[in-house]
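Each residue of the sequence shown is one higher than the last, beginning at 3 in the working numbering.
Using N, Cα and C, we set each Cβ at its ideal position, and we do this for glycine too.
What follows is one structure encoded as structure tokens, with my remarks underneath.
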Amino acid sequence: MKQLGSKVLETARLVLRPFCAADAQQAFTNWMSDAEVTRYLTWTPHTDISFTQQLLEQWGQESVLSDVYHWAIVWRKTGEVIGDICVVSSDKRSERAELGYCLSRAFWGRGIMTEALLAVINFLIEQVGFSRIEAKHATANFASGRVMEKCGMKEEGVLHRYYCLPSTGEWVDVSVHAILRGDWQARRFGAARWMNVTWQAM
């Protein structure tokens, strides 16, 4: 496996790049302060932009590390930061990575998260060398599950009472989805045709 870090990835409609402190206002407005976006997540909406600024400064500092994979999702047409996607955990020995993502509610239902996830899966498998990419979603979050399925990730099972929602105290079951290198390589050419994925080597 290689350690390539958060290289810039480009698709037909998106640019995926490392975060910087200047992204704080758009990140706060577009999704980090939105209770609907964070409804099924393990963190509560941001109520103070200063917290968002501190977090993005940390993310920006971490972006130079070769074993960190974390991208701002940028709408190519306007340059607006509309979400994020990252490796939340990984095991190099097992060649396994788990992904997490968020997207501004204004951009839901347009295939954008699918496009971003496909680009990241492609990069992590084809360039970095992971053999297994997985992700989890609350079973009630059907839209996130559909995104994973459209990327070829297969549901492997349900983990019951996996975490407690900080906003409501409700216990959540999660569905585990994954795709293996061989399955991805069997379908990647069809996906790449409409994604037009490129990545910058520097």
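- Excluding sequence positions up to five before and after MET3, its CB lies within less than 8 Å of the CB of LYS94, GLU97, VAL130, GLY131 and PHE132, all in the same chain and listed in chain order.
- A residue is called buried when at least 16 other Cβ atoms come within 10 angstroms of its Cβ; LYS138 meets this threshold and is buried.
- Under the three-state reduction of DSSP output, TRP33 falls in the helix class.
- Judged by DSSP in its simplified three-state form, SER91 adopts strand.
- Cβ-Cβ separation between GLU59 and ALA23: approximately 5 Å, consistent with a contact (criterion under 8 Å).
- Residues of the same chain with their beta carbon placed closer than 6 Å to that of PHE53 are lacking, with the five preceding and five following residues left out of the count.
- Distances from the CA of GLY159 to each of ALA142, ALA145, TRP173 and ALA180 were compared; the closest alpha carbon is that of ALA180.
- Three or more pairs of CB atoms, one per stretch, sit closer than 8 Å, so the segment 18 to 36 contacts the segment 105 to 125.
- Boundaries of the alpha helix (DSSP H) harbouring TRP61: 51 to 64, taken from the DSSP string.
- Per the coordinates, the alpha-carbon of ILE135 lies some 30 Å from the alpha-carbon of THR170.
- In the structure shown, VAL176 falls within a strand segment according to DSSP collapsed to helix, strand and coil.
- About 4 Å separates the Cβ atoms of GLY85 and ILE75, confirming a contact at the 8 Å cut-off.
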